[in-house]
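Engineer: In the working numbering, the protein residues as written are 19 to 977. Let me give you the structure first, and then I'll get to my questions.
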């Protein structure tokens, strides 16, 4: 306190007490400059309210423990650190706006001393390091509290920076670079004043890495809230007379700002099980065991990780929601983050979570949808795609280094609907949608928190404040599974409860994931090596973060659940000739793939029923659809409306409409059509609650076939067509073979999955001819035989043995490549800069192994050269003016993803109009300019040729 008194901190807080001319914000439209000190105080005040209203009790406790302080002391320190974030703007940064620089006091303008321009976050880090040392913070090693706090400030624009204590960050070099004595003195006085007003007098005993990550996220949120133009501009135009007066007003204003942003946490009121879960009369045996046993275990041990395994349709989603309720009831977390593999599954889960939250009748609870095509979902209204609030998609980020631009907000009358579960303004911005208390997202969005991408700390803060549900875990390839392991490690360190859901997860993978979580929670791998972390099937296992103790479903409950869902089904393997295989001339004719599909679907066309035909590739799906449309006699007006084609390369609006129709028509409560055949790809594999009478599938890995089987005769109350003579469901699996009867995968199939998995599946099913599958009893045995320890199966055949060796090598390679890009484990992080050793942009970060997709916009060039979205020209595109918000939505809904290689040969003709390039969601689009007079003529991209067919979607051919 002597040091603070020596610079007259109380006098500095009064009117005229300290120089307020250095600017922190400047608005060119209003020619208004906002004092830097006021911005720092705004951020400090907002950080205090973010601590109070957004952070959960568990997050606050973790930060306090990581600092070695009480909760009250930790709150003050977090406010102080957040406020210091822009102190480096007291530097050559001031010269960046001529008008604002002209208003800076003459004393400061005369004392620049040949200063050097550097990014202001780095200037903040360097200058504060020595001020912290003067204040008593140890700052002599990379893991000392002073250095870590300085790195938190350097990370407020998304990346933690390296501190070279004896080099660039040395006091003498910093002072030379950042101005003369007047500037040095002003930085010190701002520092002391912030410390005084926030009450951050306690020195931290330590700064743990998890605590530092969360503090950084708090600072980012507070900074962005304070940087909204509508917040600071009125204050700039009618400024307070002194720092103390301004801070007092900022503290009074902060709660309303946080409330308006939608960040304030709510507690869902208790409601009966039936009300919460859409009218379910009672929990099934598995769900009841979670409600009873997990409540006791969490009450005694605290949060941890839950692994639930059950057949498709067994009620895992409801079990997970009940688990989240139990975890959140402890008070350490609040909210749900539900992660799924695809955009189609996230859309379906969004509807489910939205209904779950709405069933509790909260006054307001934002539910956000986060994936790269969330603009296709009709729950999202047009104003949320405006240039200042683009969408929840954070695949594309602002190019500006300083994210201080105005985030905007909708004006009165702009919102066409008032559903309490629709995400509101501020939460709809770039990377912030994950902050919403209830969120559905793709796996990729969460996995980026484990990558060294910009604002990964903000992602980690967003993830850990609620229960994280990771659905369809078995779909993750080795590359993504390795990333999930690292993410679970960090979630364990942050005390975040997790629920893993899968219908077909090998035991060794579930054990690996559970142990990764426990490792982060402080139980190293050697200490848990002897634990049997495999959940029963069907059933669940719970591992407590506090002591790594395990709780399993009561065997009686598991047996009761299995008995209730007991059924038999056939997985029937049919050898067929794929069109890519040409038999020798002297061999007998064999049944082709299309002939077998036609034979299985013919009764549907003739007599009614519902069927799904799963194809390995989109080209196969297009060929199959075209064949069925002409080869079968479709009554009631033809195949239109009775035969559907659904795959990923349809325009977004068309794909979403088809998916919603299928989910409705084939649901448990929908009005079932008399006749419907869906030709699709893996798009319908997961988390879709649909039922069909007949199913045909190309050969696929066994866990995929088991997933598909879960949608065959899923609902007991549905009456099957009279012509179906079988008393149990039958999945027809088409095995492509050569003329000798050996499995022969088409070349186009090989990049989809490891070839071994399909070959092993065919071999395993061939050993069980005519034997029905008993569900759920046989599922885990099937999964382990192919996806677990497959050595025994591989030894039965030389081809399988070679393929298995290649599969193992491929798995190790994927895991290795994944580890190359991961952030380190928290206990291996010696400096915060270790979390950003690579300078990865989120749009360049790979959460999946392979080429990054590009988005294609099919358009039609009319006779006059103008562009339109339809061949008739009735939907013209604005080429010379920026598109309106409604036009942006329409444009995005007509896009579709393609491999980057397909459009690598693009030319000037494929570029978007110049007026679109300033909008982040439009800037990366590639045009597919088709001739309106001849739309079927392909457009050439190098050796690739593309055109959009109204029925088939995007058609691709290659020279």
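We put the CB at the ideal spot given by N, CA and C, even for glycine.
#1: Quick one: what's got a C-beta closer than 7 Å to residue 591's C-beta in the same chain, skipping five residues either side?
#2: Scan the stretch 476-528 and note each continuous beta strand (DSSP E) run of 3 residues or more that stays entirely inside, going in chain order.
#3: For residue 231, which residues of its own chain have a beta-carbon under 6 Å away from its beta-carbon, when the five flanking residues on both sides are left out?
#4: Would you report the Cα separation of residue 290 and residue 299, rounded to the nearest angstrom?
#5: Is the distance from the Cβ of residue 458 to the Cβ of residue 385 below 9 Å?
#6: Could you pull out every residue in the same chain whose Cβ sits closer than 6 Å to the Cβ of residue 400, ignoring the five residues on either side in sequence?
#7: Output needed for residue 740: all residues of its chain with C-beta closer than 8 Å, excluding positions within five of it in sequence on either side, in chain order.
#8: So what does DSSP say about residue 590, is it helix, strand or coil?
#9: Measuring CB atoms only, is the stretch 165-173 touching the stretch 218-238, in the sense that at least three cross pairs come out at less than 8 Å?
#10: Return helix, strand or coil for residue 613, following the three-state DSSP convention.
#11: Alpha carbon to alpha carbon, how far is residue 366 from residue 628?
#12: Tell me whether residue 669 sits in a helix, a strand or coil according to DSSP, three-state version.
#13: Does the structure place the stretch 692-700 close enough to the stretch 661-678 that three or more beta carbon pairs sit under 8 Å?
#14: Report the start-end ranges of each beta strand (DSSP E) in the stretch 524-585 that is 3 residues or longer and not cut off at the edges.
#15: May I have a chain-ordered list of the beta strand (DSSP E) segments no shorter than 3 residues that lie completely inside the stretch 897-925?
#16: To test your reading of the DSSP string, which unbroken alpha helix (DSSP H) runs of 4 or more residues are found completely within the stretch 259-330?
#17: Compare the C-alpha of residue 674 against each of 702, 578, 648 and name the closest.
#18: With distance defined between alpha-carbon atoms, name the residue in 526, 565, 135 nearest to residue 804.
#19: Can you tell which of 875, 371, 329, 126 has its C-alpha closest to the C-alpha of residue 930?
#20: At what residue ranges does the stretch 70-154 contain a whole run of the beta strand (DSSP E), taking only runs of 3 or more?
#21: Please confirm whether residue 309 and residue 301 have their CB atoms less than 9 Å apart.
#22: What's the C-alpha gap between residue 812 and residue 640?
#23: Using the Cα positions of residue 914 and residue 867, report the straight-line distance between them to the nearest angstrom.
#24: Pick out whichever of 357, 371, 327, 262 has its Cα sitting closest to the Cα of residue 295.
#25: How long is the line joining the alpha carbons of residue 212 and residue 261, rounded to whole angstroms?
#26: What residues are listed by DSSP as bridge partners for residue 43?
#27: May I ask which residues mark the beginning and end of the alpha helix (DSSP H) holding residue 345?
#28: At the level of alpha carbons, what is the spacing between residue 831 and residue 771?
#29: Here's a check: name, in chain order, each residue in its chain whose Cβ is nearer than 8 Å to the Cβ of residue 317, leaving out the five neighbours to either side.
#30: Between the alpha carbons of residue 120 and residue 531, how many angstroms are there, rounded?
#31: Around the Cβ of residue 968, are there at least 16 other Cβ atoms within 10 angstroms (buried) or fewer (exposed)?
#32: Residue 559 and residue 325 - do their beta-carbons sit closer together than 9 Å?
#33: Mapping the DSSP letters down to three states, classify residue 649 as helix, strand or coil.
#34: Which residue comes first and which comes last in the alpha helix (DSSP H) that contains residue 461?
#35: Using the Cβ count rule (16 or more neighbours within 10 Å means buried), how would you classify residue 38?
#36: For residue 676, which option in 574, 971, 194, 857 has the closest C-alpha, if you only look at C-alpha atoms?
Structural biologist: Taking the definition as stated:
#1: The count along the chain shown starts at 1 and reaches residue 591 at position 573. Around residue 591: 751, 753, 780, 783, 784.
#2: 485-488, 516-520
#3: Residue mapping note: residue 231 aligns to position 213 of the chain shown, counting from 1. Here the set comprises 475, 478.
#4: Sequence index remark: in the chain shown, residue 290 carries index 272 (1-based). Sequence index remark: in the chain shown, residue 299 carries index 281 (1-based). Straight-line Cα distance between these residues: approximately 10 Å.
#5: The residue labelled residue 458 in the question sits at position 440 within the chain shown. The residue labelled residue 385 in the question sits at position 367 within the chain shown. In contact: residue 458 and residue 385 (Cβ atoms closer than 9 Å).
#6: Position 382 of the chain shown, counted from the start, is the residue given in the question as residue 400. Any reading at residue 400 needs caution, since the residue's pLDDT is 37, under 50, leaving its predicted position unreliable; the model's value is listed next. Only 903, 904, 907 meet the Cβ criterion.
#7: Here residue 740 is taken as the residue at index 722 of the chain shown, counted from 1. Excluding residues within five positions, the ones whose Cβ falls inside 8 Å are 625.
#8: Counting from 1 along the chain shown, the entry for residue 590 is found at position 572. DSSP places residue 590 in strand when its eight states are reduced to three.
#9: yes
#10: The residue you call residue 613 lines up with position 595 of the chain shown. The answer is helix: DSSP assigns residue 613 an H, G or I state.
#11: Within the chain shown, numbered from 1, the residue matching residue 366 stands at position 348. Within the chain shown, numbered from 1, the residue matching residue 628 stands at position 610. Spanning the two alpha carbons is a distance of roughly 20 Å.
#12: By 1-based counting over the chain shown, the position of residue 669 is 651. Coil, per DSSP.
#13: yes
#14: 557-562, 568-570
#15: Counting only unbroken stretches of 3 or more residues, the beta strand (DSSP E) elements lying wholly within the stretch 897-925 are 914-917, in sequence order.
#16: 261-279, 291-294, 303-307, 313-319
#17: For the purposes of this step, residue 674 is identified with residue 656 of the chain shown, where counting begins at 1. It is 702 whose Cα lies nearest to the Cα of residue 674.
#18: Counting from one through the chain shown, the residue named residue 804 turns up at place 786. Nearest of 526, 565, 135 to residue 804, Cα basis: 526.
#19: Stepping through the chain shown from its first residue, residue 930 is reached at position 912. Nearest option by C-alpha distance: 875.
#20: Counting whole runs of 3 or more residues, the stretch 70-154 contains no beta strand (DSSP E) stretch at all.
#21: Taking the first residue of the chain shown as position 1, residue 309 is located at position 291. Taking the first residue of the chain shown as position 1, residue 301 is located at position 283. Yes, the Cβ-Cβ distance between residue 309 and residue 301 is below 9 Å.
#22: The residue you call residue 812 lines up with position 794 of the chain shown. The residue you call residue 640 lines up with position 622 of the chain shown. About 34 Å.
#23: Taking the first residue of the chain shown as position 1, residue 914 is located at position 896. Taking the first residue of the chain shown as position 1, residue 867 is located at position 849. Each residue's alpha carbon lies about 20 Å from the other.
#24: For the purposes of this step, residue 295 is identified with residue 277 of the chain shown, where counting begins at 1. Here the closest residue by C-alpha is 371.
#25: On the chain shown, residue 212 is found 194 positions in, with the first residue counted as 1. On the chain shown, residue 261 is found 243 positions in, with the first residue counted as 1. So the two alpha carbons sit approximately 9 Å from each other.
#26: Here residue 43 refers to the residue found at position 25 of the chain shown. Paired residue(s): 52.
#27: For this step, residue 345 is matched to residue 327 along the chain shown. Looking at the DSSP string, the run of the alpha helix (DSSP H) that includes residue 345 is 334-347.
#28: Here residue 831 is taken as the residue at index 813 of the chain shown, counted from 1. Here residue 771 is taken as the residue at index 753 of the chain shown, counted from 1. Roughly 14 Å between the two C-alpha positions.
#29: Here residue 317 refers to the residue found at position 299 when the chain shown is read from its first residue. Here the set comprises 348.
#30: In the chain shown, counting from the first residue as 1, residue 120 sits at position 102. In the chain shown, counting from the first residue as 1, residue 531 sits at position 513. Straight-line measurement puts the Cα of residue 531 at about 58 Å from the Cα of residue 120.
#31: By one-based count along the chain shown, residue 968 stands at place 950. Exposed: under 16 other Cβ atoms inside 10 Å.
#32: Within the chain shown, the letter at position 307 stands for residue 325. Within the chain shown, the letter at position 541 stands for residue 559. Yes, they are a contact pair.
#33: Within the chain shown, the letter at position 631 stands for residue 649. The answer is helix: DSSP assigns residue 649 an H, G or I state.
#34: For this step, residue 461 is matched to residue 443 along the chain shown. Segment 461-465, the alpha helix (DSSP H) holding residue 461.
#35: The residue labelled residue 38 in the question sits at position 20 within the chain shown. Its Cβ being crowded by 16 or more others within 10 Å, residue 38 is buried.
#36: As a working mapping, residue 676 is identified with position 658 in the chain shown. Comparing Cα positions, the closest option is 971.
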